[in-house]
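Novice:
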Amino acid sequence: MAADPFDSALDLLRRLNPKQTTDHLNDIISLCPDLTEDLLSSVDQPLGVRRCKQTGRDYLLCDYNRDGDSHRSPWSNQFDPPLDGGEPGVGGASAEGGSEGAGEAGLPGDRVRRMEVRANEAFDVYRDLYYEGGVSSVYFWNLDDGFAGVVLLKKSSPQGNTAAEGVWDSIHVFEASERGRTTNYKLTSTVILNLSQGGARASGGGGGGSLDLSGNMTRQVEQDLPVESDESHIVNIGRLVEDMELKMRNLLQEVYFGKLKGVVGDLRSVGSLSEGQRDRDAQRELIGSMRR
18 MAADPFDSAL
28 DLLRRLNPKQ
38 TTDHLNDIIS
48 LCPDLTEDLL
58 SSVDQPLGVR
68 RCKQTGRDYL
78 LCDYNRDGDS
88 HRSPWSNQFD
98 PPLDGGEPGV
108 GGASAEGGSE
118 GAGEAGLPGD
128 RVRRMEVRAN
138 EAFDVYRDLY
148 YEGGVSSVYF
158 WNLDDGFAGV
168 VLLKKSSPQG
178 NTAAEGVWDS
188 IHVFEASERG
198 RTTNYKLTST
208 VILNLSQGGA
218 RASGGGGGGS
228 LDLSGNMTRQ
238 VEQDLPVESD
248 ESHIVNIGRL
258 VEDMELKMRN
268 LLQEVYFGKL
278 KGVVGDLRSV
288 GSLSEGQRDR
298 DAQRELIGSM
308 RR
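When we follow the numbering used here, the leftmost residue of the sequence shown carries the number 18, and every step to the right adds one.
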């Protein structure tokens, strides 16, 4: 039985270097153009940055604000480059990736757009407090029984530091199903982390060596929360994203840095070899005396 090309492409991407996901994805798309929309809406990539021509503010690029080769700015609500034939109608995508408009993002309705503007203002403050820099963007779109959206956050290492590089991308896709005084929120969060150490130090012969640590993590949560007004949606989404980012940061610290510390500790001895040998000899002598 022949393997499904889409499943095979996803399986291949999981086995390749996550730091080069965008390059690998473009290579697969060039080989299988029919999979373009499905792959772009299913594979999380490092977020691109573009400057809004109307406001001069940076915003993040993803599949949820893309229409063809154009991306919508959350600050001006305009597509860049402008779409042929005018602006699209109201549309959007499902938070679970089955898109009514993933890759063909429409403009949100008036009410949802007002919430989008407020959410961008709120998460701009969150970004400044938690990340002390970087770029944030929030995009909303309409659903039949509510609305959905994505919260994007990106932080890169300071420019000009060639010895150490680091990029954090977090993508929080949510779906809000309104049910009277309560709303059901489904949140899918992905963190893409790229860390490297080396570059100038390694090539300069300083003996520092090089390190490349890259990967991603995805978690989901579903919760019913009370809603009194549209402002309550912003508060609820903010709390869900904040809690999820805290949990994922702790998991990354344990998985990435805890495992790395253990590996380095096994490979590198802090003391000299002679001291280590003396300790092992003393240990064997002690165990031998206990057996007599």
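Ideal Cβ placement from N, Cα and C applies to all residues, glycine included.
Do you know offhand how far F10's Cα is from E259's?
Specialist: As shown, the chain starts at 18 and ends at 309. That puts residue 10 outside it, with no answer to give.
Novice: Can you find the residues in the same chain that come closer than 8 Å, C-beta to C-beta, to L52, ignoring five residues on each side of it along the sequence?
Specialist: As a working mapping, residue 52 is identified with position 35 in the sequence shown. Same-chain partners within the cutoff: P22, F23, A26, I45, I46.
Novice: If you draw a straight line from the C-alpha of R128 to the C-alpha of A165, how long is it?
Specialist: Indexing the sequence shown from 1 puts residue 128 at position 111. Indexing the sequence shown from 1 puts residue 165 at position 148. About 13 Å.
Novice: Check for me: the alpha helix (DSSP H) holding K172 runs from which residue to which?
Specialist: As a first step, residue 172 is located in the sequence shown; it is residue number 155 there, counting from the start. Taken as a continuous stretch (DSSP letters only), K172 belongs to no alpha helix (DSSP H), being part of the beta strand (DSSP E) at 163-173.
Novice: Three or more C-beta pairs under 8 Å: does that hold for the segment 30-43 against the segment 126-145?
Specialist: no
Novice: For I304, count neighbouring Cβ atoms within 10 angstroms of its own Cβ and tell me buried if that reaches 16, exposed if not.
Specialist: If you number the sequence shown from 1, residue 304 lands on position 287. By the neighbour-count rule (16 or more Cβ atoms within 10 Å), I304 is not buried but exposed.
Novice: Take E113 and list the residues in its own chain whose beta-carbon comes closer than 6 Å to its own, dropping the five residues that flank it on each side.
Specialist: The residue given as residue 113 occupies position 96 in the sequence shown. Only weak support is given to the placement of E113: the predicted model assigns it a pLDDT of 45, under 50, and the value that follows is read from those uncertain coordinates. Correct list: empty, nothing qualifies.
Novice: Mind checking whether H88 and L78 have CB atoms under 7 Å apart?
Specialist: Within the sequence shown, residue 88 is the residue found at index 71, counting from 1. Within the sequence shown, residue 78 is the residue found at index 61, counting from 1. Taking 7 Å as the Cβ cut-off, H88 and L78 qualify as a contacting pair.
Novice: For the candidate residues V66, G255, R144, Y76, whose alpha-carbon lies nearest to that of L242?
Specialist: The sequence position of residue 242 within the sequence shown is 225, counting from 1. For the residues V66, G255, R144, Y76, the minimum Cα distance to L242 belongs to G255.
Novice: Give the secondary structure of D44 by DSSP, where H, G and I count as helix, E and B as strand, and everything else as coil.
Specialist: Translated into positions along the sequence shown, residue 44 becomes position 27. Note: D44 maps to helix in three-state DSSP.
Novice: Buried or exposed, going by whether 16 or more other CB atoms sit within 10 Å of the CB of A20?
Specialist: What you label residue 20 is simply residue 3 of the sequence shown in a count that begins at 1. A20 comes out exposed.
Novice: Grab me the residues of L228's own chain with a C-beta within less than 6 Å of its C-beta, minus the 5 sequence neighbours each way, in chain order.
Specialist: Here residue 228 refers to the residue found at position 211 of the sequence shown. Once the five neighbours on either side are set aside, the close Cβ partners of L228 are Q214.
Novice: Suppose you measure from the CA of E248 to the CA of R135; what does that come to, to the nearest Å?
Specialist: For the purposes of this step, residue 248 is taken as the residue at position 231 of the sequence shown. For the purposes of this step, residue 135 is taken as the residue at position 118 of the sequence shown. Looking at the two C-alpha atoms, the distance is approximately 8 Å.
Novice: For V190, which option in V152, T199, L204, S58 has the closest C-alpha, if you only look at C-alpha atoms?
Specialist: One-based indexing of the sequence shown puts residue 190 at position 173. Distances from the alpha-carbon of V190 to those of V152, T199, L204, S58 put L204 closest.
Novice: Is R67 near the ligand SAM - that is, is its Cβ less than 6 Å away from at least one heavy atom of it?
Specialist: This structure simply doesn't include the ligand SAM, nor any ligand for that matter.
Novice: For V132, which residues from the same chain have a beta carbon less than 7 Å from its beta carbon, with the 5 sequence-adjacent residues on both sides left out?
Specialist: On the sequence shown, position 115 is the one that residue 132 refers to. The sequence shown places Met at residue 132, not Val. Around M132: F157, D247, H250, I251.
Novice: If L257 sits next to V238, beta carbons under 8 Å apart, how far is it from one beta carbon to the other, in whole angstroms?
Specialist: Counted from its first residue, the sequence shown places residue 257 at position 240. Counted from its first residue, the sequence shown places residue 238 at position 221. With a Cβ gap of about 7 Å, L257 and V238 count as contacting.
Novice: I need the DSSP call for V60, collapsed to helix, strand or coil.
Specialist: Locating residue 60 in the sequence shown gives position 43, counting from the first residue. V60 falls in the coil class under three-state DSSP.
Novice: Give the straight-line distance between the Cα atoms of S306 and D298, rounded to the nearest whole angstrom.
Specialist: Working through the sequence shown from its first residue, we reach residue 306 at position 289. Working through the sequence shown from its first residue, we reach residue 298 at position 281. Distance between the alpha carbons of S306 and D298: 12 Å.
Novice: Considering V258, what are the terminal residues of the beta strand (DSSP E) in which it resides?
Specialist: Counted from its first residue, the sequence shown places residue 258 at position 241. In this chain, V258 is not harboured by any beta strand (DSSP E); it is covered by the alpha helix (DSSP H) spanning 247-269.
Novice: Should the segment 69-85 be called in touch with the segment 165-174, which here means at least 3 C-beta pairs below 8 Å?
Specialist: yes
Novice: Alpha carbon to alpha carbon, how far is D55 from K276?
Specialist: Taking the sequence shown and counting its residues from 1, the one referred to as residue 55 is at position 38. Taking the sequence shown and counting its residues from 1, the one referred to as residue 276 is at position 259. Straight-line Cα distance between these residues: approximately 34 Å.
Novice: In the structure shown, what three-state DSSP assignment does T72 receive?
Specialist: As a first step, residue 72 must be located in the sequence shown, where it is residue number 55. Coil, per DSSP.
Novice: Report, in whole angstroms, the separation of the C-beta atoms of Q66 and K171, which I expect to be a contact under 8 Å.
Specialist: Translated into positions along the sequence shown, residue 66 becomes position 49. Translated into positions along the sequence shown, residue 171 becomes position 154. For the sequence presented, residue 66 should be read as Val rather than Gln. Yes, V66 and K171 are in contact; Cβ-Cβ is about 7 Å, under 8 Å.
Novice: Using DSSP with H/G/I as helix, E/B as strand and the rest coil, what is R196?
Specialist: Taking the first residue of the sequence shown as position 1, residue 196 is located at position 179. Residue state, collapsed to three classes: strand.
Novice: Does the Cβ of K36 have 16 or more other Cβ atoms within 10 Å, making it buried, or fewer, making it exposed?
Specialist: To locate residue 36, count along the sequence shown from 1; it is residue 19. So K36 ends up on the buried side.
Novice: Locate the alpha helix (DSSP H) running through N137, then write down its first and last residues.
Specialist: Within the sequence shown, residue 137 is the residue found at index 120, counting from 1. N137: member of the alpha helix (DSSP H) spanning 127-148, first to last residue.
Novice: Look at the Cβ atom of T200, then the Cβ atom of V142, and state whether they are nearer than 7 Å.
Specialist: As a first step, residue 200 is located in the sequence shown; it is residue number 183 there, counting from the start. As a first step, residue 142 is located in the sequence shown; it is residue number 125 there, counting from the start. Cβ distance not < 7 Å, so T200 and V142 don't count as in contact.
Novice: When DSSP labels each residue in this structure, what does G118 get in the three-state scheme?
Specialist: The count along the sequence shown starts at 1 and reaches residue 118 at position 101. Residue placement at G118 is poorly supported in this model, since its pLDDT is 37, which falls under 50; the coordinates are not used for a value here.
Novice: Should R74 and W92 be called a contact, given that it needs their Cβ atoms to be closer than 7 Å?
Specialist: Numbered from 1 along the sequence shown, position 57 holds the residue referred to as residue 74. Numbered from 1 along the sequence shown, position 75 holds the residue referred to as residue 92. Cβ distance < 7 Å, so R74 and W92 count as in contact.
Novice: Taking 7 Å as the cut-off, decide whether the C-beta atoms of R236 and S187 are in contact.
Specialist: Here residue 236 refers to the residue found at position 219 when the sequence shown is read from its first residue. Here residue 187 refers to the residue found at position 170 when the sequence shown is read from its first residue. No. Outside cutoff.
Novice: DSSP beta-bridge partners for Q237?
Specialist: The residue you call residue 237 lines up with position 220 of the sequence shown. In the DSSP assignment, Q237 forms a beta bridge with T205.
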